[in-house]
Amino acid sequence: MTEQVAGVESKVNKPHWKLRWLVVTLVATLVVFSLLWLGYTPDAIRDASSLGQLFERIEIKGFTDLQKNTGGTGLVDIDGDGLLDIVAVYTQGDKTLRVFQNQGEFQFTKVHERPLHAGPRMPNLIDFNNDGWLDIMITHARGYEDNPGPGNALLVTQSGPFDWIDLGEQMGVRNSEAYNCGSSIGDIDGDGWLDIAIAADHIGNMFVGKPRQRLYRFVPNGENFEDGHFVDLGGTDQIPGYGGPVTCDADVDLGGPSSMLRDLDNDGDLDLLRLYHADMLYAAWDHPCASGEQFQGAYLWKNLLAETGESRFERITDNGLAYSGRMFYDQNLGYYVPDPNNPDADGFNNMSAGDVNNDGLQDIIAVGSTDPQWNTGTEVARLWYNRGDLVFEEATSLAGLDSLNWTYSEWDQLWDYGLVENILLATPALFPKWTNQAPLIRGKQNGDMHPYYGDIVFGDFNNDGWLDLVAVDRHEVPIVQLRNILYLNHGDGTFEPMPTTMSGLDNSSIAAVADDLNGDGLLDLVLVALPGNSAGGLVKPTPERFMDTVYYNSGAEGADKNHWLQLRFSRVSHARLAGARVIARNVSGDIVGTRVVTSNHSYKSSNAMRVHLGLGELEVVSIDVHLPNGGGIVSYPELQANRLWDLDLEDVTASVVYSRPLPVE
């Protein structure tokens, strides 16, 4: 019997596969129920069950009890009251956008809901039309060809918060044929209007959308945003080797879910960093549009605006960060890389930037998967130190982050995960629909698998003055209670993983977003749940897996004794502000923290256009705001700690929105 899959005839016996699937599923189910009958408590929940961890779960009625697939979440001050609200897009059932207004002390009220068209992916909130209210770019996947969606939405406010109309079609940003994923937004040409980089992924034979990446430059027509439109620079000499038409050529059709517009060389303009990965899922080897042999790696384009006065991009190679490699197909070997020890064999999905060693330069971390049905690489994470002038140094080991590349067996030795070693996480029997791929998927036991990091979230979670990170594991194996991992910075740009008994992080997720939800100066966490996209293993995700998780930062381990500073900005457009570097210095002039103002820092999330700085024992710091595109430096010589300051960048004045004294010992 033959079966037609992804346009390719596969000679796999269908009843035989169903039988294997049934047997494996029954065994897994017996294991799960046996563990429950014996009173097994997943170790992550057990380790975080007492009080005293840095993060404690908190329930937010109407938000954390929703059983939805969450496409993405934003923590933004949508009504301008100084408190961060929650904006979420949901992809399951009634596809919707919901806004939860912050009432203080972790009390939220749903104040807005609107339907979305098919395939909502990720929201990005920023003010496009300069009216002072947040607009929303929501990327959408095309979906299956027999029922395609209309493409991206650009929701623009008309008369205040929540009063949005969709101008995606009018503005020319639909990209309706693409598998649209992450967006990054900033003014690339210094004209005072925001531009958009859109990442598009490449899965299999493009069955859910094409890898049509875009770099949209806004072309104004007078003073009103609504009178202008966007044009795509991809495929032109303004950014060589980026974008352009989809060709079904593996050398050209590069895919991946994330883009980043950042000033990586501190010259004042926004450069473009793009990750690509070769994805084997549905990668039928005799299909002309398959994704398995495409190039992958980190591709970097330098913006020449500061040097030439013209926004034109030059591709940078051989700088320690940019690299390119590819997989190949062989009938006997399957998909393979010529040299598995070559780091160019690894393709990463998502990335984050942060100044982890307080030298004023943005370092880069990239994460991905080595799951056998996705990729053949050996690394799931890599960190680069930024050495200046667009020169980077691979520094995963130097930074103490080798453990990010541990297998679950190695983590089990440290933390007692409670692995069930004899259950295969990835094997052909588990993927009967992928019959064209079946001979190539190499089965791995749970312990042989690496975590699948969907996201890295930077933040100074203990307010000691150094960026920490949370590694977000998007695996959802029902017989192993996985968890995201908190890494604390030693105070020198190196990290150490914290056990769950300290971190309190007892859950995994596809993504996360960090900010201060209750105004106490400590960064809280929201975990984004999307089991419909990220679930792995043998058993259908439980209802709890569909619920987003909120963690309150308790200030444990001395975090609540450290000082902090939060800054928001007024009298400046978001086009002038996006990409700005904020540098904090002590009385001696030493850098004690660098942050970048941007509307998104990591995967499936959007952030407020403000910054948080931990200060340790410092009570007063000076602040320099380096505005992009020749906007100058605005300085504030003395700002008191433990306050949210509003910085008027026009009159160069500062006012306190609220302050929080430290607890008395």
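When you read off a place in the sequence shown, starting at 1, and then add 15, the result is the number in my numbering.
The beta-carbon is built from N, C-alpha and C at its ideal position, and this holds for glycine as well.
These numbers come from a predicted model, not from an experiment.
Could you pull out every residue in the same chain whose Cβ sits closer than 6 Å to the Cβ of residue i, ignoring the five residues on either side in sequence?
{"i": "K110", "result": "L131 and P135"}
{"i": "Q452", "result": "With a pLDDT of 40 at Q452, under the threshold of 50, the predicted position of this residue should be treated as unreliable, though the coordinate-derived value follows. Closer than 6 Å at the Cβ level, and outside the excluded window around Q452, lies no residue."}
{"i": "V246", "result": "R232 and V234"}
{"i": "N373", "result": "I606"}
Do residue j and residue i have their beta-carbon atoms positioned less than 8 Å apart in this structure?
{"i": "V171", "j": "N195", "result": "no"}
{"i": "A214", "j": "G271", "result": "yes"}
{"i": "L538", "j": "A544", "result": "no"}
{"i": "S617", "j": "V472", "result": "yes"}
{"i": "S198", "j": "M137", "result": "yes"}
{"i": "D8", "j": "S523", "result": "Past the edges of the chain, shown from 16 to 680, lies residue 8, and the structure says nothing about it."}
{"i": "E665", "j": "R586", "result": "yes"}
{"i": "A59", "j": "L497", "result": "yes"}
{"i": "D475", "j": "H627", "result": "yes"}
{"i": "A599", "j": "I638", "result": "yes"}
{"i": "V267", "j": "R227", "result": "no"}
{"i": "R397", "j": "E408", "result": "no"}
{"i": "G201", "j": "S620", "result": "no"}
{"i": "G362", "j": "N334", "result": "no"}
{"i": "G166", "j": "G183", "result": "yes"}
{"i": "Y344", "j": "Y338", "result": "no"}
{"i": "N84", "j": "N548", "result": "yes"}
{"i": "Y400", "j": "M464", "result": "no"}
Please list, in chain order, all residues of the same chain as residue i whose beta carbon is under 7 Å from its beta carbon, the five residues on each side excluded.
{"i": "N504", "result": "V371, W481, L482, D483 and F510"}
{"i": "G415", "result": "T509, F510 and E511"}
{"i": "H589", "result": "I141, D142, L209 and M624"}
{"i": "A321", "result": "D282, G283 and D284"}
{"i": "P303", "result": "C263"}
{"i": "D216", "result": "Y194, C196, P226, G270, G271 and P272"}
Exposed or buried, residue i, counting other C-beta atoms within 10 Å across all chains shown (16 or more means buried)?
{"i": "I141", "result": "buried"}
{"i": "L66", "result": "exposed"}
{"i": "D605", "result": "exposed"}
{"i": "Y673", "result": "exposed"}
{"i": "E394", "result": "buried"}
{"i": "T515", "result": "buried"}
{"i": "P466", "result": "buried"}
{"i": "L51", "result": "Residue placement at L51 is poorly supported in this model, since its pLDDT is 42, which falls under 50; the coordinates still yield a value, given next. Looking at its Cβ environment, which holds fewer than 16 other Cβ atoms inside 10 Å, L51 is exposed."}
{"i": "N364", "result": "buried"}
{"i": "S326", "result": "buried"}
{"i": "V667", "result": "exposed"}
{"i": "P643", "result": "buried"}
{"i": "I180", "result": "exposed"}
{"i": "W660", "result": "buried"}
{"i": "E491", "result": "buried"}
{"i": "N162", "result": "exposed"}
{"i": "G369", "result": "buried"}
{"i": "V671", "result": "exposed"}
{"i": "L439", "result": "For L439, the pLDDT reaches just 44, beneath the cut-off of 50, and the residue's location in the model is therefore unreliable, although a value from the coordinates is still provided. That one is buried."}
{"i": "V602", "result": "exposed"}
Can you tell me the Cβ-Cβ gap for residue i and residue j, rounded? I've got them flagged as a contact below 8 Å.
{"i": "V612", "j": "M624", "result": "6 Å"}
{"i": "R229", "j": "N190", "result": "6 Å"}
{"i": "G207", "j": "R596", "result": "Their Cβ separation, rounded to whole angstroms, is 19 Å, which puts G207 and R596 out of contact at 8 Å."}
{"i": "R232", "j": "I203", "result": "7 Å"}
{"i": "L276", "j": "G645", "result": "So it is not a contact: roughly 17 Å between Cβ atoms."}
{"i": "A574", "j": "N420", "result": "No, A574 and N420 are not in contact; Cβ-Cβ is about 28 Å, not under 8 Å."}
{"i": "D417", "j": "D62", "result": "So it is not a contact: roughly 23 Å between Cβ atoms."}
{"i": "D286", "j": "N318", "result": "5 Å"}
{"i": "D100", "j": "Q82", "result": "Between Q82 and D100 the Cβ distance is about 22 Å, and since that is not below 8 Å, they are no contact."}
{"i": "Y567", "j": "E120", "result": "The Cβ separation is near 10 Å, so there is no contact."}
{"i": "V104", "j": "V114", "result": "V104 to V114, Cβ: 11 Å. No contact."}
{"i": "F78", "j": "Y159", "result": "That pair is no contact at about 30 Å."}
{"i": "L290", "j": "A381", "result": "6 Å"}
{"i": "R341", "j": "G256", "result": "R341 to G256, Cβ: 15 Å. No contact."}
{"i": "L149", "j": "R129", "result": "Not really, about 14 Å apart at Cβ, beyond 8 Å."}
Does any residue of chain D bring its CB to less than 8 Å from the CB of residue i?
{"i": "Q581", "result": "In the structure shown, chain D cannot be found, because there is only a single protein chain."}
For residue i, I'd like the list of residues in its chain whose CB is within less than 8 Å of its CB, leaving aside the five on either flank, ordered along the chain.
{"i": "P676", "result": "N657"}
{"i": "N577", "result": "N477, N478, D479, G480, G629, L630, G631 and E632"}
{"i": "E74", "result": "D80 and V565"}
{"i": "G54", "result": "Confidence in G54 is poor, its pLDDT being 46 and thus under 50, which makes the residue's placement unreliable; the coordinate value appears in the next sentence. Cβ neighbours of G54 beyond the five flanking positions: none."}
| request: Please list the segments of the beta strand (DSSP E) lying wholly inside the region 238-315, counting only runs of 3 or more residues, in order along the chain. | output: 244-247, 274-277 and 286-291
| message | Quick check on the DSSP output: what are the complete alpha helix (DSSP H) runs of length 4 or more inside the region 132-185, in order along the chain? | response | none
| task | With a floor of 3 residues, list each beta strand (DSSP E) that falls wholly inside the region 622-678, ordered by position along the chain. | result | 626-631, 635-642, 647-655, 658-663 and 668-674
| request: Please list the segments of the alpha helix (DSSP H) lying wholly inside the region 524-561, counting only runs of 4 or more residues, in order along the chain. | output: 546-549
| said: Which complete beta strand (DSSP E) runs does the region 84-116 hold, if anything under 3 residues is left out? | reply: Segments of the beta strand (DSSP E) lying fully in the region 84-116: 85-91 and 100-105.
| query | At what residue ranges does the region 332-418 contain a whole run of the beta strand (DSSP E), taking only runs of 3 or more? | reply | 338-341, 343-345, 349-351, 363-369, 378-383, 396-403 and 406-409
| task | Could you tell me which uninterrupted alpha helix (DSSP H) segments, each at least 4 residues in length, are contained entirely in the region 574-612, listed from first to last along the chain? | result | 589-592
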